[in-house]
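Scroll down for the structure; my scribbles are underneath it.
Chains as they are written, first to last, in the numbering used here: chain W, 1 to 190; chain U, 1001 to 1206.
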């Protein structure tokens, strides 16, 4: 095959499946044959892999705020990341900070999630007067908790702040508050 | 012995890396290298390395999950391929890509990297191929990626982070999120497409 053209471009989803080891046997072998003879597709695979690598780097650098799971946090810790953890029960508050040698800071928000179909988070930054909503977060109801990971790089710039977080169960026409939590953040002091 | 090596004390790859790219297809490169033996067609060899080093490296990363091992694989396979071409042992030049893939598979399966065969090859071809194995893997714009990640819907961001932090398949991510593997794939694909679109707004997100 010419280095310059591809008559049957491989879909990005298939390239990702291949990269993550999800293609089996003959399908994988067939795709590898194609990739070795096709510069455009192998270049697209490189771009996708590079994007994946970038996502990993961004997380390690503390640049990705996200709602995650306890199991994933254990994976981060097992790989050597230093994670400062706070645990809050419904209605709870905590004085929190980020130390210079923390890679990440997370909050375990414990709540009864058993019957929840869709979960939204409502943030209220009391200090700055701003509010925002994060819709439809991924969560494992069986763990009865969600894990909040803030943008650590941004958090390091904050001197003092109070932030309230509400977990909302969203149903077809209504929503209800499951729990709320308060974070009193202050810059790390030795 | 090619004049280039006599005239220039720099390692071979360093000397040929700036040669202009060739436009011929893979078979043409293979034929040129074979035809030049026992001398070297520097331009054709450089082009072959330029073309295949990234593909070999990604094969290595995919199967060995280790940057250093993948770099070794690139060196080993390129050396073997050049040796075979110079010895005119590649019978079907038009199937060069398949031949290189087969060599990759064999090297990975045999676990020969670091073994006697590799040392012998490196002694025989003292040329330093490292610069040619560099596929120009450009760094992403980290600031832009950060912005794009923050713009993603939360569910997609979580799935992408949990997938690509340590390259987990959909099934493993699904177990952690209480989702099916199929559902994770759908969310992952949507997230990747959105991210690509954000990183390269002008590019066709095919």
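Virtual Cβ for every residue (Gly too), placed ideally from N, Cα, C.
From what residue to what residue does the beta strand (DSSP E) around residue 175/W run? Its beta strand (DSSP E) spans residues 175 to 186.
Specify the secondary structure class of residue 195/W as computed by DSSP and reduced to three states. Since the first and last residues shown for chain W are 1 and 190, residue 195/W lies out of range.
Rounding to the nearest angstrom, what Cα-Cα distance links residue 1080/U and residue 1107/U in this structure? 10 Å
Give a yes or no on contact between the segment 60 to 71 of chain W and the segment 121 to 141 of chain W, applying the rule of three or more CB pairs nearer than 8 Å. yes
Rounded to the nearest angstrom, what separates residue 1023/U and residue 1043/U at their Cα positions? If you take the alpha carbons of residue 1023/U and residue 1043/U, they lie about 11 Å apart.
Alpha carbon of residue 182/W to alpha carbon of residue 125/W, nearest angstrom: 10 Å
Who are the neighbours of residue 1100/U on chain W, taking C-beta pairs under 7 Å? 36
I'd like to know whether the C-beta of residue 167/W is nearer than 7 Å to at least one C-beta of chain U. At a cut-off of 7 Å between beta-carbon atoms, residue 167/W makes no contact with chain U.
Helix, strand or coil at residue 1212/U [DSSP, three-state]: For residue 1212/U there is no data in the structure shown, the boundaries of chain U being 1001 and 1206.
Could you confirm whether any beta carbon from chain U is found closer than 7 Å to the beta carbon of residue 108/W? no
Cβ of residue 188/W within 7 Å of Cβ of residue 127/W? no
Have a look at residue 184/W and residue 1063/U and give me their C-alpha separation to the nearest angstrom. 47 Å
Okay, do the segment 1021 to 1036 of chain U and the segment 1079 to 1095 of chain U touch, 3+ Cβ pairs below 8 Å being the bar? yes
Have a look at residue 78/W and residue 1046/U and give me their C-alpha separation to the nearest angstrom. 43 Å
Measuring only between beta-carbons, confirm whether residue 130/W sits less than 7 Å from chain U. no
At which residues does the alpha helix (DSSP H) containing residue 1164/U begin and terminate? 1154 to 1164
Is it buried or exposed for residue 1156/U, if we count other Cβ within 10 angstroms and need 16 for buried? buried
Interface partners of residue 1153/U on chain W, CB under 8 Å: 135 and 136
So what does residue 34/W bridge to, in DSSP terms? In the DSSP assignment, residue 34/W is bridged to no other residue.
Beta-carbon of residue 1097/U versus every beta-carbon of chain W: anything under 7 Å? yes
Rounded to whole angstroms, what's the CA-CA distance from residue 110/W to residue 1172/U? Just pull it up for me. 23 Å
Cβ of residue 1167/U within 7 Å of any chain W Cβ: yes
Going by alpha carbons, who is nearest to residue 1036/U out of 1061/U, 1199/U and 1087/U? 1087/U
Own chain, CB closer than 6 Å to residue 80/W, minus 5 neighbours either side, in chain order: Excluding residues within five positions, none has a Cβ falling inside 6 Å.
Pairs of beta-carbons, one from the segment 1160 to 1171 of chain U and one from the segment 50 to 58 of chain W, closer than 8 Å: are there three or more? yes
With a Cβ-Cβ cutoff of 7 Å, do residue 19/W and residue 49/W count as a contact? yes
Give me the Cα-Cα distance between residue 1190/U and residue 1197/U, rounded to the nearest whole angstrom. 11 Å
Would you kindly report the start and end of the unbroken alpha helix (DSSP H) that includes residue 1104/U? 1096 to 1110
Residues near residue 1104/U in its chain [Cβ-Cβ closer than 7 Å; skip 5 each side]: Hits under 7 Å: 1056, 1059, 1073 and 1077.
Terminal residues of the beta strand (DSSP E) in which residue 7/W lies: Residue 7/W: not part of any beta strand (DSSP E); DSSP gives it neither H nor E.
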